[in-house]
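Numbering (the UniProt record's numbering), first residue to last: 1 to 306.
Step one of this worksheet: look at the structure below.
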């Protein structure tokens, strides 16, 4: 793949947040044929994230049409699994026309930096606001995945909901900093709310890797699955973008070199690229993503040209 980098779309200082630190995990969905609503998580000075949205022109996603004036949902009330952050992973438009926001909820602890589990909220007003389906996580800690069950991507099929997510139970120290270690897992659900306590492993870490970022999956007209994801590289202490394909959504062939988006020296993405999300609009394919420090300067977009 070959991409044209179109640059930053929206910076952190545009949301009215007190000392914002980053705008992370851009998550696009169509509001109508003219507008892509990109949900993002804006982190404050305490590094607590809340979800907002940025409406962009579907024909030119560099053009910002509107920003949400307040978070579409607040963090949970203490003590809860999402009291220290709500990070949007995916907004799914269901067959009945509602929006379902699958998100990662952060809770800090004394013995570990945090635990991250998955929550679900719904919207009946096109994403202007969301209400929790449950105050407890839909993917909570289990004997098999005790510390991280998060960053979900869900596809609604006729007979099931399928989820790809990252999960793990351990931490490791990289360059003096504790970082989580997790791999890619797969689950199925009859309703998108109730899920099994353990997923099937479908892609393991390789040498010099210790984590995957939010998966994003597209299925083409031939039924081939295309996975866009982030890879946390130990030696770099930063993310790079990865790409893989599969015929069944379970057995993936990694083709990371084909992703085609690399750091640009001296730019907002000179050190890291993460959280890729793909959307097709009016005959063009766009990739929204974050640059250095998980979106310290905002989120960006690139256009597929080959």
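C-beta atoms are modelled at their ideal positions from N, C-alpha and C, and glycine is treated no differently.
Residues near residue i by beta carbon distance below 6 angstroms, same chain, minus five either side
i	result
residue 23	12, 40, 42, 295, 298 and 299
residue 194	none
residue 271	238 and 292
residue 92	100 and 154
residue 140	117
residue 287	276, 278 and 302
residue 205	183
residue 123	99 and 130
Bounding residues of the alpha helix (DSSP H) (the contiguous stretch that carries residue i)
i	result
residue 292	292-295
As assigned by DSSP and simplified to three states, the class of residue i
i	result
residue 128	coil
residue 44	coil
residue 4	strand
residue 309	Since the first residue of the chain shown is 1 and the last is 306, residue 309 is not available in this structure.
residue 209	strand
residue 257	helix
residue 277	strand
residue 105	strand
residue 19	coil
residue 218	strand
residue 302	strand
residue 237	coil
residue 325	For residue 325 there is no data in the structure shown, the boundaries of the chain being 1 and 306.
residue 110	coil
residue 282	coil
residue 29	strand
residue 61	strand
residue 272	coil
residue 35	strand
residue 246	strand
residue 325	In this structure the chain extends from 1 to 306, so residue 325 is not present and cannot be described.
residue 355	Limits of the chain in this structure are 1 at one end and 306 at the other, which puts residue 355 out of reach.
residue 193	coil
Residue range of the beta strand (DSSP E) that includes residue i
i	result
residue 138	Counting along the chain, residue 138 falls outside any beta strand (DSSP E), and DSSP gives it neither H nor E.
residue 55	49-57
residue 203	200-203
residue 268	Unbroken run through residue 268: none, as it is neither H nor E.
residue 72	Looking at the DSSP string, residue 72 is not in any beta strand (DSSP E), and its letter there is neither H nor E.
residue 250	It is not in any beta strand (DSSP E) - residue 250 carries neither H nor E in the DSSP assignment.
residue 115	114-123
residue 98	That residue, residue 98, is in no beta strand (DSSP E); it is neither H nor E in DSSP.
Residue i and residue j closer than 8 angstroms at C-beta
i	j	result
residue 228	residue 245	no
residue 261	residue 302	yes
residue 38	residue 54	yes
residue 75	residue 82	yes
residue 156	residue 118	no
residue 86	residue 137	no
residue 196	residue 147	no
residue 210	residue 58	no
residue 310	residue 133	Not covered by the structure: residue 310. The range shown for the chain is 1 to 306.
residue 305	residue 98	no
residue 90	residue 28	no
residue 121	residue 103	yes
residue 208	residue 235	yes
Min CB distance residue i to chain B below 8 angstroms
i	result
residue 266	Going by chain labels, chain B is absent from the structure shown, which holds only one protein chain.
Cutoff 8 angstroms; reference residue i; Cβ partners in own chain excluding five residues on either side
i	result
residue 160	188, 189 and 190
residue 19	44 and 45
residue 250	186, 200 and 202
residue 62	6, 7, 9, 56 and 301
residue 273	230, 239, 240, 241, 261, 262, 263, 289, 290 and 291
residue 217	153, 155, 164, 225, 226, 227, 228 and 249
residue 267	291
Neighbourhood of residue i by C-beta, 7 angstroms cutoff - its chain only, sequence neighbours within 5 removed
i	result
residue 184	164, 166, 202, 203, 212 and 215
residue 14	67
residue 172	179, 181 and 210
residue 96	none
Distance cut-off 7 angstroms: residue i Cβ against heavy atoms of the ligand FAD
i	result
residue 35	The model depicted lacks the ligand FAD and carries no ligand whatsoever.
- Please list the segments of the beta strand (DSSP E) lying wholly inside the stretch 133-188, counting only runs of 3 or more residues, in order along the chain. Taking only runs of at least 3 residues, the beta strand (DSSP E) segments lying wholly in the stretch 133-188 are 148-156 and 161-174.
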